[in-house]
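K.L.:
Number of protein chains: 2
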Amino acid sequence: MKITAVSVWTVVVPTIPGRVHSPEYAEKTGWDEVPKHIIRVDTDTEYAGIGETGRGLPIEQVREGARLLIGRDPEEITPQDIFGRRAERAADDLTVGTGPAYDAYEMAVLDLVGRVRRLPVHTLLGGAVRDRVRADYWMGHQTPEDGAKAVERGLRLGFTGVKIKCRLEEPMYERLKAMRDVAGPEFKVTVDPNERFYTAAQAIELAGRLETLGNVEVFEDPIPKTDIAGYEEIHRAIPFPLAMHLGNGEGVVRALQADGGRGVVDCVNLGGSMFGFQRNAAVAAAAGLPCWHGSGNDLGISDTSFVHAAAAAPNCTMASDFVGGWTREDDLIAEPITFVDGHVPTPMKPGLGCDLDYDALQRYTQQHEELN
Amino acid sequence: MKITAVSVWTVVVPTIPGRVHSPEYAEKTGWDEVPKHIIRVDTDTEYAGIGETGRGLPIEQVREGARLLIGRDPEEITPQDIFGRRAERAADDLTVGTGPAYDAYEMAVLDLVGRVRRLPVHTLLGGAVRDRVRADYWMGHQTPEDGAKAVERGLRLGFTGVKIKCRLEEPMYERLKAMRDVAGPEFKVTVDPNERFYTAAQAIELAGRLETLGNVEVFEDPIPKTDIAGYEEIHRAIPFPLAMHLGNGEGVVRALQADGGRGVVDCVNLGGSMFGFQRNAAVAAAAGLPCWHGSGNDLGISDTSFVHAAAAAPNCTMASDFVGGWTREDDLIAEPITFVDGHVPTPMKPGLGCDLDYDALQRYTQQHEELN
Numbered sequence: 001m002k003i004t005a006v007s008v009w010t011v012v013v014p015t016i017p018g019r020v021h022s023p024e025y026a027e028k029t030g031w032d033e034v035p036k037h038i039i040r041v042d043t044d045t046e047y048a049g050i051g052e053t054g055r056g057l058p059i060e061q062v063r064e065g066a067r068l069l070i071g072r073d074p075e076e077i078t079p080q081d082i083f084g085r086r087a088e089r090a091a092d093d094l095t096v097g098t099g100p101a102y103d104a105y106e107m108a109v110l111d112l113v114g115r116v117r118r119l120p121v122h123t124l125l126g127g128a129v130r131d132r133v134r135a136d137y138w139m140g141h142q143t144p145e146d147g148a149k150a151v152e153r154g155l156r157l158g159f160t161g162v163k164i165k166c167r168l169e170e171p172m173y174e175r176l177k178a179m180r181d182v183a184g185p186e187f188k189v190t191v192d193p194n195e196r197f198y199t200a201a202q203a204i205e206l207a208g209r210l211e212t213l214g215n216v217e218v219f220e221d222p223i224p225k226t227d228i229a230g231y232e233e234i235h236r237a238i239p240f241p242l243a244m245h246l247g248n249g250e251g252v253v254r255a256l257q258a259d260g261g262r263g264v265v266d267c268v269n270l271g272g273s274m275f276g277f278q279r280n281a282a283v284a285a286a287a288g289l290p291c292w293h294g295s296g297n298d299l300g301i302s303d304t305s306f307v308h309a310a311a312a313a314p315n316c317t318m319a320s321d322f323v324g325g326w327t328r329e330d331d332l333i334a335e336p337i338t339f340v341d342g343h344v345p346t347p348m349k350p351g352l353g354c355d356l357d358y359d360a361l362q363r364y365t366q367q368h369e370e371l372n
Numbered sequence: 001m002k003i004t005a006v007s008v009w010t011v012v013v014p015t016i017p018g019r020v021h022s023p024e025y026a027e028k029t030g031w032d033e034v035p036k037h038i039i040r041v042d043t044d045t046e047y048a049g050i051g052e053t054g055r056g057l058p059i060e061q062v063r064e065g066a067r068l069l070i071g072r073d074p075e076e077i078t079p080q081d082i083f084g085r086r087a088e089r090a091a092d093d094l095t096v097g098t099g100p101a102y103d104a105y106e107m108a109v110l111d112l113v114g115r116v117r118r119l120p121v122h123t124l125l126g127g128a129v130r131d132r133v134r135a136d137y138w139m140g141h142q143t144p145e146d147g148a149k150a151v152e153r154g155l156r157l158g159f160t161g162v163k164i165k166c167r168l169e170e171p172m173y174e175r176l177k178a179m180r181d182v183a184g185p186e187f188k189v190t191v192d193p194n195e196r197f198y199t200a201a202q203a204i205e206l207a208g209r210l211e212t213l214g215n216v217e218v219f220e221d222p223i224p225k226t227d228i229a230g231y232e233e234i235h236r237a238i239p240f241p242l243a244m245h246l247g248n249g250e251g252v253v254r255a256l257q258a259d260g261g262r263g264v265v266d267c268v269n270l271g272g273s274m275f276g277f278q279r280n281a282a283v284a285a286a287a288g289l290p291c292w293h294g295s296g297n298d299l300g301i302s303d304t305s306f307v308h309a310a311a312a313a314p315n316c317t318m319a320s321d322f323v324g325g326w327t328r329e330d331d332l333i334a335e336p337i338t339f340v341d342g343h344v345p346t347p348m349k350p351g352l353g354c355d356l357d358y359d360a361l362q363r364y365t366q367q368h369e370e371l372n
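Top to bottom, those sequences are chains A and B. Everything in the first sequence is counted per the working numbering, starting at 1 for the first residue and increasing by one. Everything in the second sequence is counted per the working numbering, starting at 1 for the first residue and increasing by one.
See below:
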């Protein structure tokens, strides 16, 4: 079998107004105007695999990745290192899982190989260790009133918790109180200001006020991650778990070595490609830390790949966010991800288990090209 | 496909006299009188998979593992967690890769699945990232004269380095000098007393004497691993890399958090099942540490599984030891592992790529039973 071509759709899918932020805080997300690329890796057989890039990735990187794959036999590709040239690797070259548009092509190659072998992608990652993956509802910056309405919507969809974006200047106590009044203290809130609380003292003061509400799950990235002394202070002082959002294992090791080797996190929000996530989760697991999978308001294929990655990571027991399905006008896959009781069933179809919705794709495509 | 039976051979294969220790230091190894179990997992098809336990594993554990697998479809087993019952897993159960005779059954199940899918086992681990795996010659406690002769033998076999067992009371300087006189300073020696140097001061003093020889690769486990303060002292003082032999990621994290979060190792000798090794290596990789794969004078199947595991770990760039082939009277596999220029070619046949030598097996079997 040979990879013969890569089809690329450059798309922009708007978010649903009000679904991310309350208009009082931000009229538009802005980021939903940044293009993404949907790719389909074709072969000389009936098999193909699909993938999705991150926002704003230069198309030249997609073209470069295609050049590295076209002509190759997908069965001969090293799954954890799809662009690696095994035979040519220098003895001290430890870089794997990198290269142009890596994450998108990893999705597509594993989707393709999984379809050929009639295996779900998680089997190629070491295998699912659970039949369903925890997932929370998600929203951006919302007023207490809008937040309460959003939580009502999350409850109707079966979610048991929510992750919120926020800043100190917003009515934090009122927002979490409004959510608790709607859903009770068991419906947990992950507080993620994306490093926007300026100082450790502010984060600790806020934590003290929120504690009485009883519905905080975790504080994520309260202050800039460069302020390790601040994390040490927060970690010692706050009554609930402290997390960092980390894209690689090096970051996890830094967090574990902080505070004189005692570490500053109780859990981690992890990213990385599907194999990269397994490696990053293994680092957290070795330190006894649970983790969850982050996301970026994606378009269905990425979210699905996150579910496979989360299902295969033993310590991915916290609520991940697979968000695109309810924040975007369309998710570009034929059957959207389903949520049942705050979980996503582990996909069991061959490959990623999702298919492109070509009608939707056509609606949102700004540019299409075929590389071969 | 169903697993229908497990065949178990309990074997004792003696070492070749003098090949491990000089008779002056130890007349026999002793451990070669401790039985191992060779297992074959049979199915209702022509496919089977083979595995090997560690020394001295109670046979009841082999029987218990068989009970957990018989009747199951190997294609439905989670590769990284072969005894896991995915659907029944509690939300907070993070234990994977454990259970009775885990390592041996993991070998056998992956061998079986690899044969069915016509894929080498490393592909199931994420894929080989290199076409050959570094490996060193190996010996036990040898006099300077015997050590020099052993190095000559290692050189004839194409090795570029050697790992030695030792204690302070042996003529360490004379032994390494004899090796250097035979092979030059480029032929490196891994000094592994298995925690038998009593104090940090002794290890540092010895390192100072050996430094002038120029042929030390690394100091491994010089003192008891519980003496972390001692490791901190050694790590700051010695002129070559310091390593620990660690069986799991928790141990690696402890070593990284030592010395106030600065860490006390420059590289690690890792063990674990094949998937376990990938996880452990990922922890070391996140800290920027290279690693190698340990071994235990095994009988061919285990050694082969180590080669697959090492080939799939990006940071496994140091010389591993796959030793059984030259220390034991027989390795019980039909075609022994080959060494070329201090490397083992990455196996590319389906499954583990090694087959049982039934004639040899019969010669060394003390007990045979068929579980079904």
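No residue lacks a Cβ here, since even glycine has one placed at the ideal position from N, Cα and C. Model, not experiment: these values are computed from the prediction.
I think G49 (chain A) touches A108 (chain A), with their Cβ atoms under 8 Å apart; what is that distance to the nearest whole Å?
P.N.:
Sure, about 4 Å apart at Cβ, within 8 Å.
K.L.:
Does R40 (chain B) pass the burial test, meaning 16 or more other C-beta atoms within 10 Å, or should it be called exposed?
P.N.:
Counting Cβ neighbours within 10 Å, R40 (chain B) comes out buried, since at least 16 surround it.
K.L.:
Go through its chain and collect everything with a Cβ distance to R130 (chain A)'s Cβ below 8 Å, but skip five positions before and after it.
P.N.:
So the qualifying residues of the chain are A311 and T346.
K.L.:
Excluding five sequence neighbours on each side, which residues of the same chain lie with their C-beta closer than 7 Å to the C-beta of G324 (chain A)?
P.N.:
Closer than 7 Å at the Cβ level, and outside the excluded window around G324 (chain A), lie N297, D298, L299, G300, D303 and D331.
K.L.:
Among the residues of its own chain, which have a CB less than 7 Å from the CB of Q80 (chain A), if the five just before and after it don't count?
P.N.:
Around Q80 (chain A): V96, G97 and F275.
K.L.:
Please report the residue range of the alpha helix (DSSP H) in which Y137 (chain B) lies.
P.N.:
Segment Y137 to M139 is the beta strand (DSSP E) holding Y137 (chain B); no alpha helix (DSSP H) there.
K.L.:
Can you give the beta carbon distance from S22 (chain B) to T190 (chain B), rounded, assuming they're within the 8 Å contact cut?
P.N.:
Wrong, their Cβ atoms sit about 18 Å apart, outside the cutoff.
K.L.:
In terms of residue numbering, what span does the beta strand (DSSP E) encompassing I39 (chain A) cover?
P.N.:
First-last of the beta strand (DSSP E) with I39 (chain A): K36 to T43.
K.L.:
With a cut-off of 8 Å, does the C-beta of D357 (chain B) fall near any C-beta of chain A?
P.N.:
Taking Cβ atoms only, chain A never reaches closer than 8 Å to D357 (chain B), which makes this a no.
K.L.:
My parser needs the alpha helix (DSSP H) runs of 4 or more residues fully inside the stretch 135-209 of chain A; what are they?
P.N.:
Those alpha helix (DSSP H) runs which fall completely within the stretch 135-209 of chain A and span 4+ residues are 144-156 and 172-183.
K.L.:
Check whether the Cβ atoms of F187 (chain B) and F219 (chain B) sit closer than 8 Å, and answer yes or no.
P.N.:
Not a contact, by the Cβ cut-off of 8 Å.
K.L.:
Do you know offhand how far I337 (chain B)'s Cα is from V344 (chain B)'s?
P.N.:
Their backbone Cα atoms lie some 7 Å apart in a straight line.
K.L.:
Would you check if the distance between the CB atom of G209 (chain B) and the CB atom of Y231 (chain B) is smaller than 8 Å?
P.N.:
Per the sequence presented here, residue 209 (chain B) reads as Arg, with Gly not at that position. Not closer than 8 Å, so no.
K.L.:
So, with DSSP's three-state summary, where would you put H368 (chain A)?
P.N.:
In the structure shown, H368 (chain A) sits in a strand (DSSP, three-state: E or B).
K.L.:
Check the DSSP bridge columns for W292 (chain A) and list the partner residues they point to.
P.N.:
According to DSSP, which records beta bridges pairwise, W292 (chain A) is partnered with A:N269.
K.L.:
What residues match up with I228 (chain B) in a beta bridge as DSSP calls it?
P.N.:
According to DSSP, which records beta bridges pairwise, I228 (chain B) is partnered with nothing at all.
K.L.:
Nearest to P14 (chain B) by CA position, among B:G30, B:Y25 and B:K2, is which residue?
P.N.:
For the residues B:G30, B:Y25 and B:K2, the minimum Cα distance to P14 (chain B) belongs to B:G30.
K.L.:
Within this structure, are the beta carbons of L361 (chain B) and A5 (chain B) separated by less than 8 Å?
P.N.:
Contact: no.
K.L.:
For the beta strand (DSSP E) holding M244 (chain A), just list the boundary residues, first then last.
P.N.:
Residues L242 to L246.
K.L.:
Could you spell out the range, first to last residue, of the beta strand (DSSP E) harbouring T304 (chain A)?
P.N.:
Premise fails: T304 (chain A) lies in the alpha helix (DSSP H), I301 to A311, not in any beta strand (DSSP E).
K.L.:
Beta carbons nearer than 8 Å to chain B: which residues of the stretch 245-262 of chain A have them?
P.N.:
Per Cβ criterion, the list reads N248, G249, E250, V252, V253, L256, Q257, A258, D259, G260, G261 and R262.
K.L.:
Going by DSSP, what residues sit across from S377 (chain B) in a beta bridge?
P.N.:
Since the first residue of chain B shown is 1 and the last is 372, residue 377 (chain B) is not available in this structure.
K.L.:
With distances taken between CB atoms, is the gap from G351 (chain B) to L112 (chain B) smaller than 8 Å?
P.N.:
Cβ atoms of G351 (chain B) and L112 (chain B): closer than 8 Å.
K.L.:
Below 8 Å between beta carbons: does that hold for D44 (chain A) and S7 (chain A)?
P.N.:
Not closer than 8 Å, so no.
K.L.:
If you check the beta carbons only, do G260 (chain A) and G294 (chain A) fall under 8 Å apart?
P.N.:
Cβ distance not < 8 Å, so G260 (chain A) and G294 (chain A) don't count as in contact.
K.L.:
Mapping DSSP to helix, strand and coil, what is V6 (chain A)?
P.N.:
The answer is strand: DSSP assigns V6 (chain A) an E or B state.
K.L.:
Going along chain A in order, which residues have a C-beta closer than 7 Å to the C-beta of D103 (chain B)?
P.N.:
By Cβ distance, chain A contributes nothing, its closest Cβ being about 16 Å from D103 (chain B), past 7 Å.
K.L.:
Do you know offhand how far M139 (chain B)'s Cα is from V20 (chain B)'s?
P.N.:
Whole-angstrom Cα-Cα distance: 5 Å.
K.L.:
Would you mind sorting R236 (chain B) into buried or exposed? The rule is 16 or more other CB atoms within 10 Å of its CB.
P.N.:
With fewer than 16 other Cβ atoms within 10 Å, it is exposed.
K.L.:
For N315 (chain A), which residues in chain B fall below 8 Å Cβ to Cβ?
P.N.:
Here the neighbours are L94.
K.L.:
Using the beta-carbon of each residue, which ones in chain B are nearer than 9 Å to D303 (chain A)?
P.N.:
Residues of chain B passing the Cβ test: none, with the nearest at roughly 21 Å.
K.L.:
When you compare only the Cα positions, how much space is there between E170 (chain A) and K28 (chain A)?
P.N.:
Rounded to whole angstroms, E170 (chain A) to K28 (chain A) spans 17 Å at the Cα level.
K.L.:
What residue from A:G99, A:I82 and A:G288 has the CA that sits closest to L110 (chain A)'s CA?
P.N.:
Measuring from the Cα of L110 (chain A), the nearest candidate turns out to be A:I82.
K.L.:
Closest Cβ-Cβ distance between R117 (chain B) and chain A: below 8 Å?
P.N.:
Closer than 8 Å to some Cβ of chain A, the Cβ of R117 (chain B) qualifies, so yes.
K.L.:
Can you say whether G71 (chain B) is buried or exposed, counting buried as having 16 or more other CB atoms within 10 angstroms of its CB?
P.N.:
By the neighbour-count rule (16 or more Cβ atoms within 10 Å), G71 (chain B) is not buried but exposed.
K.L.:
Can you find a C-beta in chain A that's less than 8 Å from the C-beta of T338 (chain B)?
P.N.:
Not closer than 8 Å to any Cβ of chain A, the Cβ of T338 (chain B) fails to qualify, so no.
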